[in-house]
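Residue numbers (our numbering), protein chains in the order written: chain A, 10 to 433; chain B, 10 to 433; chain C, 10 to 433. Even for Gly, the Cβ is constructed at its ideal location relative to N, Cα and C. Quick caveat, the model's predicted, so the values are computed rather than measured. One structure below.
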Amino acid sequence: MTDTLQQELYTEISKITLIDPHSHINPHQAASKSLDDILGYHYYTELAHSAGMDKKPLAADFKPRERVRAILAHMNRFDNTVQYQWFDEIARTFLGYQGERLSADDCDTLCDNAEKLMAQPDWEDQVLKKSNIEKVFLTNDFDDPLEGFDTKRYVPCLRTDDLVFHLDKKEVRDRLAKATDLDVGTAADLRRAILKLFDRFTRKGARACAISLPPDFAPQAVSDDALNSALQAARAGNEALDQRRLRNAGTFWMLAEHCRQFRLPFDLMIGVNRRVYEQGVYQGQDLFDQRTSLIQYKELFNAFPDVTFCISVLTSSQNQELASYSWIFPNVVTSGHWWYSNIPVFIEHDARARLQAVPKTKQLGYYSDMYKLEFGLPKFNMYRRILARILANDFVGDRGWKVDQALDLARLVLRDNVKRIFNV
Amino acid sequence: MTDTLQQELYTEISKITLIDPHSHINPHQAASKSLDDILGYHYYTELAHSAGMDKKPLAADFKPRERVRAILAHMNRFDNTVQYQWFDEIARTFLGYQGERLSADDCDTLCDNAEKLMAQPDWEDQVLKKSNIEKVFLTNDFDDPLEGFDTKRYVPCLRTDDLVFHLDKKEVRDRLAKATDLDVGTAADLRRAILKLFDRFTRKGARACAISLPPDFAPQAVSDDALNSALQAARAGNEALDQRRLRNAGTFWMLAEHCRQFRLPFDLMIGVNRRVYEQGVYQGQDLFDQRTSLIQYKELFNAFPDVTFCISVLTSSQNQELASYSWIFPNVVTSGHWWYSNIPVFIEHDARARLQAVPKTKQLGYYSDMYKLEFGLPKFNMYRRILARILANDFVGDRGWKVDQALDLARLVLRDNVKRIFNV
Amino acid sequence: MTDTLQQELYTEISKITLIDPHSHINPHQAASKSLDDILGYHYYTELAHSAGMDKKPLAADFKPRERVRAILAHMNRFDNTVQYQWFDEIARTFLGYQGERLSADDCDTLCDNAEKLMAQPDWEDQVLKKSNIEKVFLTNDFDDPLEGFDTKRYVPCLRTDDLVFHLDKKEVRDRLAKATDLDVGTAADLRRAILKLFDRFTRKGARACAISLPPDFAPQAVSDDALNSALQAARAGNEALDQRRLRNAGTFWMLAEHCRQFRLPFDLMIGVNRRVYEQGVYQGQDLFDQRTSLIQYKELFNAFPDVTFCISVLTSSQNQELASYSWIFPNVVTSGHWWYSNIPVFIEHDARARLQAVPKTKQLGYYSDMYKLEFGLPKFNMYRRILARILANDFVGDRGWKVDQALDLARLVLRDNVKRIFNV
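Structural data, given as C-alpha cells:
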C-alpha cells in the first residue's frame, strides 16, 4: 500500500510545473544537438575516466561520435551509478531506446536518433514540455551581454566567483573593465563596478546573485583601506595570503550589500575546493573538505537580515547544520541537493531533515544544475521519486496527513517557494 | 505485518512508566496555566520568527492571547515541522482539539479551553498521569533554594554553566557569594564554594550535575596557581583569552572532582555556541559548529574513571563518535537526543547506532528537555514511535528477537537505566 | 515481496566464494582452539569491560575457561550489540548452540563442545568451507618470515605502521636491521631497507601494502636531507615534533614509491588515534576524531596515479568524502567497512552511497578484519544481508534491475574486484 501511495504521489507531483532555480544552461543553445552534448556532461567524462578511460577521447579534436563510443564502452564499469540512470532515462524518454543495458553497441543507433530528433526546430520546446519545466535559471558571467534570448524562460542570474576570487588575474580585470568601463584599482572603483553590474543584470531580469565558495571561506566586513591595499597588491602581482583573504572577503561583502540594495537573493554554494585532482577531466577536478561550518557565516547572516541567502551544501553533516541555521535565521533558506550530495541516499536523508525541521516556506526543494535541458527530466524525476517516498512514509504514513496536504507541501518546495523567494 | 508489530510494540512501550532524566521544569509551576505558556516555548517563537513573524508579539507587555494568535497565524508556514506535530498532539490530547490544521481561527477556543482545563487543581497530576511520567529531573541554578516542592517527583540537578563560564561577571560572583558565604578570589575559595554547593544539592536529593559546553571546549587539569591568576584577572576585568580558557577548564575540572566525591553523574551537553543569531528570539539564538570531537574529552574520561559522564551531542557525526566512545570507555553513557538532533530522522539514525553498538546498560534513551509538563507526552511519544520501529525492524525483524525481549530493551533504556545510573 | 526478494538475493549472494582482502589471521593458527580464542577477540573484552567487567579476568595467568565465564556473565549487558550477534551466530553455526540467549550458564557446555570440535584436524578447512571463503589476506609485520604456510590460501600483506610511526624506537630499528641487514641511519639506508622488504614480500606472494593512519596524518614528499636529519634525531632520541612529522610523512612517501615500483595496491586505513582510553583492554584503547579529511591525501593521490589506494575510513562523514574522491580519482578505491563503522546502520548507509555513486569496478565490498577464522562467517553474513537489502530496494526495486544483474554487482564487489585489484 505504501508503494501504491508513493506511486500516486509521484504521479501527482509530476504534474507540478517546475521552475528550475539553478542551472548552467546556455540559453542560446539550451538543448543538445547530439549525443556528444549529452555525454560531454562532466559526470560521464569523469566517471569514465575514474573507471579507467584515458583522456584522449576528450580532446577537442577527437571525433565526437568516437568520444561517445568510448564513453559508452566504459559504461559497464559505472552502470550502477545514479548518473548512469539519468542517461538511461534520457535515452528511453527522448531517444527511443528500449534495450536493457547501454553499451558501445548502441552508439551508432543512439547517435543517429539523437541527431535526427534534436534537429527538429521545436526540440527545445519538446524537452521542456516533457520535463514539465516552465522556467530555468541561468548562471551568467558578469560580462554576459544577456541578449538574444527570452529572459522570461531563461532567467538571468549573476555569477560572481570571478569577482570574488580572481580579480588578481589581469584577464578578469580586463573583462570587468570592458563590462563596466571601470578600471578597478580601489574599493570605491570596485563598488562602482559592482553597482553597474547589478544595475544591468536586474534591468535584464536577473533574479539572483550566485557564488560557489571553498570550505575555508569566512565572509567578513573589510575596511576600504584594507581592500584598497589588497587590490593594489593584487594588481601588482605581489598579494600576500592575508591580503588575498581580505580582498576575497571584502569583495564578497560588497556583493551582499548590493543584493540588499537590489533585493536579490544570494545563492551561496558552500564547500568546494577547486583543482584537487589536477589531472582530472574538465570540470572533474573539484572535491571538498568535510571540515567546514556555517558558523563561518555568522557575521554575514547577522549583518544582512534583509538579504535572503539560499544555501547549498555538499555533505549530510553540513546539511544538518543547514537545517538548524535555516530553522533559526529568518534569512537562511535551504536550496537543492548539490553536486556530490545529489545522490539518492544523501538526498533522501537531507530532504527528510529539512522537511521535518525547517519552515516549509523556506525550502527550495531542488534544482537541476544542468548544462543541457535534457537532464532536467531525469534529475527532477529522481528528486520527485524521493519526495514522493518521504511524503508517503513520514507525512501521510507517520503523521496521518491527507494526500492533498502532502501534495501542497510538494508544490510549495518545487514551485511556489521558487516564485516567491526569487520574485518570478 | 511490520506495521502491526510496530504498533503493538508502541502500545506496550507506552505502558512503561517514565523517569525523565533532563528537563527545565520549574517545579513551582510545572504545568502550563495558559496556551501562552505552551506557545511561549522557544521552538514556536523561533520558528514563527524564522518564518517571518517580527518580534513585537514577543514583548513582555504584549497581550498573551494576541501573542498566541500571532504565532498560530504563522503556523501554516511551519506545520511541516515536528515541533508543530508536538503542539498538534498537545492540542488533541490535552485541549480537546479535533480539527485538521491549527490556525489563528482556533485561537480563542483553544485559549479558553486551556485556561479552563489548566485551572483545575489536579491539572499537573493529570498531565503526568496521561504522559505516564513518574519523576522529572530539573536543571537548577547553583543558588536555587530547592525548597517548596516534592524532590521525589522533581529531582534536583545542579546546573553549572554559570560557574564555569560566567565567574567573570560580578553578578554571578555575587550570587555565588550569597549562596555560599564565600567571596571567591582563589582556587581554594572556589573549591570550598563548590563543595558547599554539592553538599547542599545532594542533601536536597540532587541526582546529577549538568552543563552545556561550546564546540571548542576541551577540559584539562589546571594548577591552583594558574587558576588563581585567572580568577584574579577575571575579577579585575582584565582576563586574557588564555586565562579565561584556563579558568573555564579549571573550574570544570573541579566540578568533575566533586562529582567523583559525591558520586554524582555529570551530564555533559556538548556542542552549543551561544548567541550566534544575535537578534534572535529569547532562547532562539544558539547554534553549533559541527567541527567538534569527543577526543577533546580524552583527558577527562581517563582522569575520572569513577564518574559517569552522560553525554548529549548535537549532530549525527558526533553521535557516531559518541557510540564509539561509549562502547570503549566504561564511564561514558549515551544520553537522549538533544535540541537540534531531536528530529525524527536524526533520532532514528542515532538511536539505531547506539542500540547496535553500545552496551544496552549504558544508554539513557530519551529526555524531554521540556519547560512545561505538557511537552513530555508528545516528545516521548515521538521517541517511543521511533523506538518501536527500530525494535520491530532491527531486532524482532532482522535478528529474530521475541517481542518480550524487545520490550525489555525498551524498558532498560527508558526507565531502568535512569534509575540505576542516577540512583533514584 | 521485498522480504522474499531480499531472502532470495541473500541466498544467492551466499553462494559467491569469497576472497577476504583484509584480516589479522595468524596463518600458523588460523582457526580457534577454544572458546577463549573466540571471546578473546577485543570486541568482547572491551564490551564486557565497558559494561562493567574489571580487567582481572584478562590477565595472562587467568584460567581461560574462567575468563570465558566472566565475559559470558557480562553478555546480558551487551546482547543488543551486533558483536553479540556475531558470537551468537558462531555458537549456533559452529558449536551446536540452540538456546535463546547466551549466558554464563552456557560456559561449560560451549567450552567443552568448542575444544572437542576445534581439535578436529580439519577444523580449519571446515570453517573456511562453511564460510565459503577461499583465500584470506593477512597483515604481516615487516619482519615476518612468511614461511610455513600456504601463501595461496593465506595471502601475505606488508603492514607498515611500525616503519612509518615507530622507527624512533630502538626495538623497531633492531627488528629492521635483523630483517634487512641494514642499520638505517639515513634516507638512503631506509630506501634500501624498504626495497629489500618489498622484494622479499612480493617474492613470497604479498599482494598489498597496508597501514593505519591517525586523523591528522597528511602525506607529503620529504627531501632526503630533511629525512636524514629527522632519522638522526630519532636515533639520538631528541626528535622534535616537526621532525617526527617529516619522518613519518617521508617514510610513508617512500612506501608509496615502492608500491608503484612493485605494483602493489596500498591499503590506507584512515582515522585512528591510538591509546585514547589509556587503561582500556588490549586492542580496546583506540578511538577517532571525526575531524579528518581526504583532502589531506590530495598530494599523494596526485603524485601516484599508478598506485591503487584502497581506502578504509571510520565514519559516515568520511565515507561521503570517500565516495566522492573515489568517483573522481581513478586510483582511489573504496574498501570495506572498518572497525567502528562496521555496524549495520553505518554499513547500510555507507554501502548505499558507494553503490549509487562510485564506479562498481572500484569497490571492495567487505573484509573481515578477523583474528580467527570463525569470525568470517558472521561478519560476511552481516554484510551479505545488508547488501541483499540494498540490492532489493535500491536496484531491483527502485531501478527495475533484474535479479541476475543485481547478483552480478554483488559478485563484483565481493569477489571479482578483489581478484582484479590485488591480482590474485
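- Chain order gives the chain C residues near A:Ile-352 as Ala-332, Ala-362, Gln-365 and Ala-366, where near means a beta carbon separation below 8 Å.
- Residue contact check for C:Trp-262 against chain A: no CB pair falls below 9 Å.
- Straight-line spacing of the CA atoms in B:Leu-172 and B:Asn-426 works out to 29 Å.
- For the pair of segments examined, the region 377-393 of chain A was found to touch the region 34-47 of chain A: the number of CB pairs separated by less than 8 Å reaches three.
- For the pair C:Thr-160 and C:Cys-218, the CB atoms are not nearer than the 9 Å cut-off.
- With contacts defined by Cβ atoms closer than 9 Å, C:Thr-54 and C:Ile-28 do not form a contacting pair.
- Within its own chain, the residues whose Cβ lies closer than 6 Å to the Cβ of A:Ala-332, once the five positions on either side in sequence are excluded, are Ala-362, Arg-363, Ala-366 and Val-367, listed in chain order.
- In the DSSP assignment, C:Ser-221 falls within the unbroken beta strand (DSSP E) covering 218-222.
- The beta carbon of B:Gln-16 sits closer than 8 Å to the beta carbons of Ala-397 from its chain, once the five residues preceding and following it are set aside; these are given in chain order.
- With contacts defined by Cβ atoms closer than 9 Å, C:Ser-321 and C:His-31 form a contacting pair.
- With fewer than 16 other beta carbons inside 10 angstroms of its own, C:Gly-246 counts as exposed.
- Per DSSP, B:Val-412 lies in no beta strand (DSSP E) segment; the continuous alpha helix (DSSP H) that holds it begins and ends at 412-420.
- The shortest C-alpha to C-alpha distance from C:Val-433 to any of C:Trp-95, C:Ala-82 and C:Arg-272 is the one to C:Arg-272.
- Using beta-carbon distances, B:Ala-100 does not count as an interface residue toward chain A, since no partner is under 9 Å.
- The beta carbon of C:Leu-416 sits closer than 6 Å to the beta carbons of Glu-21 from its chain, once the five residues preceding and following it are set aside; these are given in chain order.
- Here B:Ser-302 is buried. Its C-beta has 16 or more other C-beta atoms within 10 Å.
- For the pair of segments examined, the region 225-244 of chain B was found to touch the region 195-202 of chain B: the number of CB pairs separated by less than 8 Å reaches three.
- From the beta-carbon of B:Phe-338, the residues of chain C found nearer than 9 Å are Ser-59, Val-285, Tyr-286, Gly-289 and Leu-296.
- Counted as a single uninterrupted DSSP element, the alpha helix (DSSP H) harbouring C:Leu-44 occupies residues 44-48.
- In the DSSP assignment, B:Ile-356 falls within the unbroken alpha helix (DSSP H) covering 353-366.
- Here the alpha carbons of C:Val-342 and B:Asp-403 stand approximately 30 Å from one another.
- DSSP, read as helix, strand or coil, puts A:Asn-328 in helix.
- At the C-beta level, C:Phe-355 and C:Thr-317 stay beyond 9 Å of one another.
- For the region 179-191 of chain B, there are no residues whose beta carbon sits under 8 Å from a beta carbon of chain C.
- Only exposed fits A:Ala-69, as fewer than 16 other CB atoms lie within 10 angstroms of its CB.
- Among the bridge pairs identified by DSSP, C:Thr-26 is matched with none.
- For B:Tyr-375, the closest Cβ of chain A is not nearer than 9 Å.
- Unbroken alpha helix (DSSP H) runs of no fewer than 4 residues, entirely contained in the region 88-130 of chain B, are found at 91-104 and 116-127, following chain order.
- Relative to the Cα of A:Val-290, the nearest Cα in the group A:Gln-229, A:Leu-67, A:Arg-254 and A:Ala-82 belongs to A:Leu-67.
- Contact between B:Asp-315 and B:Arg-269 holds, since their C-beta atoms are separated by about 5 Å, short of 8 Å.
- Here C:Thr-260 is buried: its Cβ has 16 or more other Cβ atoms, across all protein chains shown, within 10 Å.
- Look at A:Thr-260 here: in three-state DSSP terms it is helix.
- B:Gln-94 reaches chain A at Arg-408, counting residues in chain order whose Cβ is nearer than 7 Å.
- Under the DSSP assignment, C:Lys-144 falls in the beta strand (DSSP E) whose first and last residues are 142-146.
- DSSP places C:Val-342 in the strand class (E or B) of the three-state scheme.
- In this structure, A:Leu-147 keeps its C-beta atom at 9 Å or more from the C-beta atom of A:Ile-220.
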